[in-house]
Amino acid sequence: MPSYTVTVATGSQWFAGTDDYVYLSLEGTAGCSQRHLLDKPFYNDFERGAVDSYDVTVEEDLGEIQLIKVEKRKYWYQDDWYLKYITVKTPMGDYLEFPCYRWITDEKEIVLRDGRAKLPRDDKTHILKQHRRKELEIRQKMYRWKEWHPGFPLSIDALSHSDLPRDIQFDNEKGIDFILNYSKAMENLYVNRFMHMFQSSWSDFADFERIFVRISNTISEYVMQHWKEDFMFGYQFLNGCNPVLIRRCTEIPKKLPVTMDMVECSLERNLTLEEEVKQGNIFVVDYELLDGVDANKTDPCTIQYLAAPICLLYKNLENKIVPIAIQLGQKPGPDNPIFLPSDATYDWLLAKIWVRSSDFHIHQTVTHLLRTHLVSEVFSIAMFRQLPAVHPLFKLLVPHMRFTIAINTKAREQLICECGLFDKANATGGGGHVQMVQKAMKDLTYSSLCFPEEIKAKGMDSKEDIPYYYYRDDGIRVWEAVKSFAEDVIHIYYESDEVVCEDVELQAFVKDIYVYGMRGVKASGFPKVIRTREKLAEYLTVIIFTTSAQHAAVNFGQYDWCSWIPNAPPTMRCPPPTEKGTVTIEQIVESLPDRGRSCWHLGAVWALSQFQDNELFLGMYPDEHFVEKPVKEAMAKFRKNLDDIVNAITERNKNKKLPYYYLSPDRIPNSVAV
1 MPSYTVTVAT GSQWFAGTDD YVYLSLEGTA GCSQRHLLDK PFYNDFERGA
51 VDSYDVTVEE DLGEIQLIKV EKRKYWYQDD WYLKYITVKT PMGDYLEFPC
101 YRWITDEKEI VLRDGRAKLP RDDKTHILKQ HRRKELEIRQ KMYRWKEWHP
151 GFPLSIDALS HSDLPRDIQF DNEKGIDFIL NYSKAMENLY VNRFMHMFQS
201 SWSDFADFER IFVRISNTIS EYVMQHWKED FMFGYQFLNG CNPVLIRRCT
251 EIPKKLPVTM DMVECSLERN LTLEEEVKQG NIFVVDYELL DGVDANKTDP
301 CTIQYLAAPI CLLYKNLENK IVPIAIQLGQ KPGPDNPIFL PSDATYDWLL
351 AKIWVRSSDF HIHQTVTHLL RTHLVSEVFS IAMFRQLPAV HPLFKLLVPH
401 MRFTIAINTK AREQLICECG LFDKANATGG GGHVQMVQKA MKDLTYSSLC
451 FPEEIKAKGM DSKEDIPYYY YRDDGIRVWE AVKSFAEDVI HIYYESDEVV
501 CEDVELQAFV KDIYVYGMRG VKASGFPKVI RTREKLAEYL TVIIFTTSAQ
551 HAAVNFGQYD WCSWIPNAPP TMRCPPPTEK GTVTIEQIVE SLPDRGRSCW
601 HLGAVWALSQ FQDNELFLGM YPDEHFVEKP VKEAMAKFRK NLDDIVNAIT
651 ERNKNKKLPY YYLSPDRIPN SVAV
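Put into structure tokens, the structure is as follows:
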């Protein structure tokens with residue numbers, strides 16, 4: 001009688017094992033096996049991290065094994081089981097791999113296909129087509145779209161982390177509890193004694209060191225020492241944690257009536273301002289999006305303020321970017337002066353602080369929340385709804401969706417909800433952040449997520465003209481490596497553009513993202529269909545780059561650049577100055593966050609800058625969803641390209657006082673998970 005050797009691997013997560021009854025049956029082209037009992041209570045099989053083998057004897061050869069059915073029946077209490085994979089050795093000595101990497105909960109049955117990736121056109125038998133269709137039907141009931149706020153990209157239909165499908169929950173919910181993590185961060189930073197001291201101002205700038213010096217690193221210390229200097233102010237637009245706003249100025253904005261007389265002492269080339277513009281030496285950062293956004297009113301004891309500044313910058317003879325003019329409001333007028341480096345020291349310093357505060361708000365809500373977290377959640381939901389586990393694009397993308405829906409759901413539950421943690425310290429809390437996302441949606445376009453295209457559109461693509469823009473340089477290298485990997489995988493499974501067009505599951509995935517994620521807005525430029533392998537490679541690169549590199553670039557530098565409170569105030573407690581010559585050091589300190597808000601801010605940027613336990617970085621794919629040799633070779637090539645980038649960045653950063661490492665692949669997590 002034919003015998004099959006079945007090997008079952010259990011996950012190594014906490015509580016991944018099971019003591020329940022576990023049954024298995026094999027289904028082949030020539031017949032089905034009976035249901036075999038593999039484990040029952042107290043057998044001590046399927047323990048955490050275990051690999052167990054069994055012989056399954058059948059009366060007749062089953063032919064080519066197409067499906068494996070695994071059933072779990074409860075013994076006493078709910079005992080979830082994480083099944084990594086099953087391998088089958090056939091009577092002929094062939095080995096088949098059946099990836100799972102899922103939780104089996106309650107008394108459920110799951111049906112697995114072998115690990116070879118298949119497009120819809122590759123399935124010829126009714127049983128495989130039916131399995132494919134049924135999997136998507138089940139998933140579409142589990143992963144439902146829901147509008148969190150009008151005008152937002154749609155998100156998952158779940159009120160809390162515990163409402164999510166078990167497969168996408170965090171292994172340990174306590175590990176991502178924002179309230180617990182922020183409190184722990186403040187305790188570790190020895191600032192928890194200040195956390196309830198709202199309305200209590202600091203004495204002076206040096207007083208901020210009382211909550212700063214306990215944990216320090218090269219960059220944050222350097223920021224503390226040099227934050228007042230114009231070169232440090234300008235450098236952050238290139239390589240800080242929000243390096244996405246600066247653009248080359250082709251014409252001085254009419255709403256910023258800067259004259260040559262105002263800036264002549266800042267220009268170094270004996271050229272007029274217009275000539276400097278023509279030569280490409282003038283840059284602009286405009287915070288227009290903040291105009292009209294309501295400031296936080298959740299604390300009646302503290303009035304909080306926002307501004308919508310415009311900042312003009314200049315590339316000096318040392319190729320450093322420095323500020324030459326700042327206007328704190330969008331409408332020019334006598335009560336909205338243009339501040340200059342030649343003004344009184346505290347006038348100019350306070351103007352720069354207002355820009356830094358505005359930059360913090362745009363960074364948190366638009367650059368970080370909308371353009372990485374919410375967009376990545378759209379990609380994740382669409383993937384689960386429209387791509388079955390056997391699809392090559394599911395296998396390619398699923399590592400880059402790890403925990404994304406879970407972290408966003410937890411954020412909506414605790415962080416950015418009404419009366420959430422975000423309201424405690426941020427001037428855009430209490431609803432301002434919602435208005436910002438709604439306004440920013442008009443600029444969320446497909447081309448703006450194509451990294452090289454966006455850099456070029458801002459006029460920031462020339463390495464010769466702007467030599468110290470490491471965010472650009474490293475980002476393009478990572479983009480090209482991801483794109484090359486995507487192209488390699490595509491050419492394995494899609495032999496022509498026609499095959500791309502015929503892939504109904506791919507087209508449904510693209511349509512879901514356009515209709516539900518981008519709300520069907522034609523101006524977004526998101527494709528409704530994809531017709532070529534070239535366009536598919538770009539599309540997949542956008543997804544993988546956004547969920548990994550782009551998020552890393554704007555998330556993990558938050559403690560470095562925002563822990564020194566005066567460099568990134570989360571709120572301002574006095575309105576912007578309306579005239580020159582009146583600002584004092586006391587007024588600046590009174591404008592900055594109080595002790596309580598400073599501590600909550602510090603806890604937040606510390607917690608958000610930490611990697612997850614057992615973090616998986618770009619190119620690390622321990623879950624073997626792919627089994628084919630050509631794909632594994634493509635993965636090896638991808639890792640080699642990434643290693644080359646790591647080495648180049650490490651070499652460049654040697655002896656730098658301000659190293660840039662946020663886009664080094666060994667520091668880029670695969671997915672948005674924090």
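Sequential numbering from 1 applies to the sequence shown in the UniProt record's numbering.
We put the beta carbon where it would ideally sit given N, CA and C, even for glycine.
*Please say whether V285 and L245 have beta carbons closer to each other than 8 angstroms?*
Yes, they are a contact pair.
_Contact under 8 angstroms by Cβ, A325 with V398_ = No, they are not a contact pair.
_Boundaries of the alpha helix (DSSP H) in which E487 is found, first to last residue_ = For E487, the uninterrupted alpha helix (DSSP H) run begins and ends at 470-493, by DSSP.
*With 16 as the cutoff for other CB atoms within 10 Å, does K174 come out buried or exposed?*
For K174, the predicted model reports a pLDDT of 49, less than 50, meaning its position is unreliable; a value from the coordinates is still stated below. It is exposed - the Cβ of K174 has fewer than 16 other Cβ atoms within 10 Å.
*Pick out the complete beta strand (DSSP E) segments inside the stretch 21-81, 3 residues or longer, and give them in chain order.*
The stretch 21-81 contains these whole beta strand (DSSP E) runs: 21-28, 36-39, 51-57, 65-73.
*With 16 other CB atoms within 10 Å as the buried threshold, where does P622 fall?*
Classification for P622: exposed.
*Using the beta-carbon count (16 or more within 10 Å), is K463 buried or exposed?*
Answer is exposed; the Cβ neighbour count stays below 16.
_Cβ neighbour criterion (16 or more within 10 Å) applied to I138_ = Exposed, because fewer than 16 other Cβ atoms sit within 10 Å of the Cβ of I138.
*Would you mind working out which of L83, K458, F379, Y494 sits nearest A508, comparing C-alpha positions?*
It is F379.
*6 angstroms Cβ shell around I544 - same chain, five flanking residues per side excluded*: Cβ neighbours of I544 beyond the five flanking positions: H400, V482.
*Taking all protein chains shown into account, decide if S524 is buried (16 or more other Cβ within 10 angstroms of its Cβ) or exposed.*
Classification of S524: buried, given that the 10 Å Cβ count is 16 or more.
*Neighbourhood of E268 by C-beta, 6 angstroms cutoff - its chain only, sequence neighbours within 5 removed*: Result list for E268: N316, L317, in chain order.
_If you follow the beta strand (DSSP E) that D261 is in, where does it begin and where does it stop?_
Careful: D261 lies outside any beta strand (DSSP E), inside the alpha helix (DSSP H) at 260-263.
_For Y4, three-class secondary structure by DSSP_ = It is a strand residue.
*Name the DSSP bridge partner or partners of A325?*
According to DSSP, A325 bridges with L312.
*Consult DSSP for Y95 and reduce its assignment to one of helix, strand or coil.*
Strand.
*Can you tell which of K84, P669, L540 has its C-alpha closest to the C-alpha of E402?*
For the record, residue 402 in the displayed sequence is Arg; it is not Glu. Nearest C-alpha to R402 among K84, P669, L540: P669.
*Nearest CA to the CA of T367: which residue from V70, I649, L154, F237?*
Taking only the C-alpha atoms, the option nearest T367 is F237.
*Could you check where the beta strand (DSSP E) with F283 kicks off and where it finishes?*
In the DSSP assignment, F283 falls within the unbroken beta strand (DSSP E) covering 282-286.
*Could you check if A568 is buried or exposed, using at least 16 other CB atoms within 10 Å of its CB as the buried criterion?*
Buried is the call here.
*Quick one: which unbroken beta strand (DSSP E) runs of 3-plus residues sit fully inside the stretch 380-446? Chain order, please.*
Counting only runs of 3 or more, we get nothing.
*According to the Cβ coordinates, are G475 and L350 closer than 8 angstroms?*
Not closer than 8 angstroms, so no.
_Local conformation of Y190 per DSSP, three classes_ = The pLDDT assigned to Y190 is 49, lower than 50, so where the model puts this residue is not dependable; a value taken from the coordinates is nonetheless given after this. DSSP, read as helix, strand or coil, puts Y190 in coil.
_8 angstroms contact criterion, which P91 and S3 should meet: CB distance rounded_ = About 6 angstroms; that satisfies the 8 angstroms criterion.
*Could you pull the start and end residues of the alpha helix (DSSP H) that I110 belongs to?*
DSSP places I110 in no alpha helix (DSSP H) but in the uninterrupted beta strand (DSSP E) bounded by 109-113.
_P323 beta carbon less than 8 angstroms from that of D230_ = Yes, the pair counts as a contact, with Cβ atoms nearer than the cut-off.
*Excluding the 5 residues preceding and the 5 following A634 in the sequence, name in chain order all residues of the same chain whose CB lies nearer than 8 angstroms to its CB.*
When the five nearest sequence neighbours on each side are left out, the beta carbons in the same chain lying within less than 8 angstroms of the beta carbon of A634 are those of F485, D488, V489, I492, in order along the chain.
*If we count the other Cβ atoms within 10 Å of its Cβ and call it buried at 16 or more, is E377 buried or exposed?*
By the neighbour-count criterion, in which 16 or more other beta carbons inside 10 Å mark a residue as buried, E377 falls on the buried side.
*What's the gap between the Cα of S563 and the Cα of S598?*
Spanning the two alpha carbons is a distance of roughly 9 angstroms.
*Helix, strand or coil: which one does DSSP assign to G517?*
Note: G517 maps to helix in three-state DSSP.
*When the Cβ atoms of the stretch 67-74 are set against those of the stretch 106-113, are three or more pairs found closer than 8 angstroms?*
Segments in contact, yes.
*Cα separation between R371 and L444?*
The straight-line gap from Cα to Cα measures roughly 7 angstroms.
*Does the Cβ of L312 have 16 or more other Cβ atoms within 10 Å, making it buried, or fewer, making it exposed?*
With 16 or more other Cβ atoms within 10 Å, it is buried.
*Starting from E135 and walking both ways along the alpha helix (DSSP H), at which residues does that stretch end?*
Where E135 is concerned, the enclosing alpha helix (DSSP H) stretches over 126-142.
_With 16 other Cβ atoms within 10 Å as the buried cut-off, status of K424_ = Taking all protein chains shown into account, K424 has 16 or more neighbouring C-beta atoms within 10 Å of its C-beta and is therefore buried.
*Which partner residues of K89 appear in the DSSP bridge assignment?*
In DSSP, K89 forms a bridge with T5, Y95.
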